[in-house]
Amino acid sequence: MMVEARSDILLKIEDLLVRRGGTTVLEIPSLAVFQGQVLSLIGPNGAGKSTLMLTLAGLLKPARGNLLFRGEPIADGGFSYRRHIAMVFQDSLLFDTTVFENVASGLKIRGMGRQEIGRRVPEYLERFGIGHLAKRSARKLSGGEAQRTSLARAFVTEPEIVFLDEPFSSLDPPTREVLMGDLERILRQTHTTAIASTHDQTEALRLADRIAVVNGGRIAQIGPVAEVMNRPADEFVAGFVGVETVLPGRVVRTSGGVITAAVAGDREIEAVGQVEVGTDVLCCIRPESVTLSIPPAPSGTSARNVFSATIRQMTPLGLFHRVRLNCGFDLVAYVTSQSLTELDLREGMPVVASFKATAVHVIPRREMTLT
5 MMVEARSDIL
15 LKIEDLLVRR
25 GGTTVLEIPS
35 LAVFQGQVLS
45 LIGPNGAGKS
55 TLMLTLAGLL
65 KPARGNLLFR
75 GEPIADGGFS
85 YRRHIAMVFQ
95 DSLLFDTTVF
105 ENVASGLKIR
115 GMGRQEIGRR
125 VPEYLERFGI
135 GHLAKRSARK
145 LSGGEAQRTS
155 LARAFVTEPE
165 IVFLDEPFSS
175 LDPPTREVLM
185 GDLERILRQT
195 HTTAIASTHD
205 QTEALRLADR
215 IAVVNGGRIA
225 QIGPVAEVMN
235 RPADEFVAGF
245 VGVETVLPGR
255 VVRTSGGVIT
265 AAVAGDREIE
275 AVGQVEVGTD
285 VLCCIRPESV
295 TLSIPPAPSG
305 TSARNVFSAT
315 IRQMTPLGLF
325 HRVRLNCGFD
335 LVAYVTSQSL
345 TELDLREGMP
355 VVASFKATAV
365 HVIPRREMTL
375 T
């Protein structure tokens, strides 16, 4: 995995190896964090996200490898480097004092004068919507208020990099949604570089400029959000980023940049790509790319893939419903509640499923070995 040459690389790791108890838990040849961007580390529990976060923050010493900040190796045990960063954990870890004193603590450790502290702390209390809580004891805060205090404490030092280790995972959904929106706004306003770990792809999509998918202590794929979400590198990444239909097949024809893959025996799917005939592939289709209609098949559609289908199962997902289909192969579609009502969709009902050739991401099976 090569890191592209860019002038805005703020933090970089090279040839990283981390062991715990004699077992390798992290092995990453290279990784770059770009200035002013948010990098989200996503992956299942135990994938190595927190270990990577602690290593990038200089809090965990690797068995091998280099950590470079602004192109220079981090020296003196990372003490100077840590003055340029801040970290927010899942648990708020506040001191037993007021909200104001908690937010001011990092500034006092850095030796900032009382006048500057008195100016900066109220500014960041207001940014995070807790100005009215300045004199309240940290013991009397709700979970959301406590996490806002932790975030204000991190941002008030105006770090060059802020590390966010699953900061929303212990909050209820409404609180998490509001706080995530506020954090997104403040990151953009301050142009703060951030590294955020999460197992929730919704959080990653809201905050990130780039996504790194971590699995088994390695980076399975890293890139811009749209690239990772729509062009996953392998079956694991596809499943983790919400590609609910992954069909094994074989390319049987190619013409004008469009390939035809045979799946589920006699079914054929057309996709845009350059893959040789005879290549075993995985055809990945995101559920939001699938359109459902009532038979007969609609005329004048630009979709090259149109299949008669039967609804096997419908599952409500808030504003959307997941619809599982039998098209001779399994296919998953998302439909809005409005469409569900208008089409009067029911389990066992015949429908027509369609999706464009551009909506199919094809992964040649020979390219699925990670390096």
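Numbering (my numbering), first residue to last: 5 to 375. We put the beta carbon where it would ideally sit given N, CA and C, even for glycine.
- In the DSSP assignment, Val241 falls within the alpha helix (DSSP H) that extends over 239 to 244.
- Within the same chain, and ignoring the five residues on either side of Arg86 in sequence, the residues whose Cβ sits closer than 7 Å to its Cβ are Gly62.
- A direct Cα-to-Cα measurement between Leu335 and Val256 gives close to 21 Å.
- Straight-line measurement puts the Cα of Val232 at about 11 Å from the Cα of Ala208.
- Beta-bridge pairing by DSSP links Asp284 to Arg254.
- In the structure shown, the three-state DSSP call for Arg235 is coil.
- Closest in alpha carbon position to Gly220, among Glu274, Leu20, Thr28, is Thr28.
- In this structure, Ile89 is the residue among Met353, His325, Ile89 with its C-alpha nearest to the C-alpha of Ile199.
- Cβ atoms of Leu349 and Ile223 stay farther apart than 8 Å, at about 40 Å.
- With a cut-off of 8 Å on Cβ pairs, the region 94 to 104 is in contact with the region 138 to 146, counting three or more such pairs.
- The Cβ atoms of Pro252 and Leu211 lie no closer than 8 Å to each other.
- Of the other Cβ atoms in all chains shown, fewer than 16 fall within 10 Å of the Cβ of Lys112; this residue is therefore exposed.
- Here DSSP, grouped into helix, strand and coil, assigns Phe93 to coil.
- Counting every other CB atom within 10 Å of its CB across the protein chains shown gives Ser84 a total below 16, marking it as exposed.
- For Glu346, DSSP records no beta bridge to any residue.
- When only Cα atoms are considered, Ala150 and Arg123 end up about 21 Å apart.
- Sorting Thr161, Pro163, Val218 by C-alpha distance to the C-alpha of Ser44 places Val218 at the top.
- For Thr206, there is no enclosing beta strand (DSSP E); the enclosing alpha helix (DSSP H) covers residues 205 to 211.
- In the structure shown, Val42 falls within a strand segment according to DSSP collapsed to helix, strand and coil.
- When beta bridges are read from the DSSP output, Gln119 appears opposite no residue.
- When secondary structure is reduced to three states using DSSP, Val364 falls in the strand class.
- Taking the CA atoms as reference points, Val276 sits about 44 Å from Pro163.
- The beta carbon of Ser54 sits closer than 7 Å to those of Asp169, Ser201, all from its chain and outside the five residues before and after it, given in chain order.
- In this structure, the beta-carbon distance from Phe244 to Ile46 falls below 8 Å.
- Closest option to Met57, judged by alpha-carbon separation, among Val37, Phe132, Arg68: Val37.
- In the DSSP assignment, Met57 falls within the unbroken alpha helix (DSSP H) covering 53 to 60.
- Residue nearest to Arg24 within the set Lys16, Glu120, Glu346, Lys65 is Lys65 (criterion: CA-CA distance).
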